[in-house]
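Below: one structure, written as structure tokens.
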Ligand SMILES: [Zn+2]
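Numbering (my numbering), first residue to last: 6 to 111.
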């Protein structure tokens with residue numbers, strides 16, 4: 006179940022709200038439990054995900070959300086590629102080459 010952290014802009018009260026589905030989240034009309042204000046800011050909680058050899062299919066919904074909201078297009082792209090089961094090319098070929106190691110051994 007996706008869960009979000011919110012902060013009330015009116016009274017700075019912080020609370021967490023879980024949603025049964027993402028669709029429910031979209032339709033939700035949240036109010037601060039302390040002062041009933043609707044001026045809420047959603048807090049992005051970062052989830053630690055290993056940078057190497059990620060298997061996005063094994064991420065929890067919350068971890069996936071963290072990737073989505075990280076705004077890192079390449080990660081999001083790779084996640085969708087894996088989750089959708091899209092092994093379009095050969096299984097060994099990475100979607101985008103990582104310029105981590107220089108391919109120069111001499
Ligand atoms: Zn409040």
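We put the CB at the ideal spot given by N, CA and C, even for glycine.
For residue j and residue i, the rounded distance between their alpha carbons
i, j, result
"residue 73", "residue 83", "11 Å"
"residue 96", "residue 14", "Summary for residue 96: the model assigns pLDDT 49, below 50, so the residue's position carries little reliability; its value from the coordinates is reported in the next sentence. If I take the Cα positions, the gap works out to 48 Å."
"residue 11", "residue 40", "13 Å"
"residue 44", "residue 89", "36 Å"
"residue 38", "residue 25", "19 Å"
"residue 77", "residue 36", "30 Å"
"residue 18", "residue 69", "26 Å"
"residue 65", "residue 42", "31 Å"
"residue 75", "residue 67", "12 Å"
Close-in-space but distant-in-sequence residues of the same chain around residue i (CB under 6 Å, 5 per side omitted)
i, result
"residue 21", "8 and 10"
"residue 80", "72"
"residue 47", "9 and 11"
"residue 16", "39 and 40"
DSSP beta-bridge partners of residue i
i, result
"residue 48", "10"
Cβ neighbours of residue i in the same chain (closer than 8 Å, five flanking residues each side left out)
i, result
"residue 60", "87"
"residue 34", "43"
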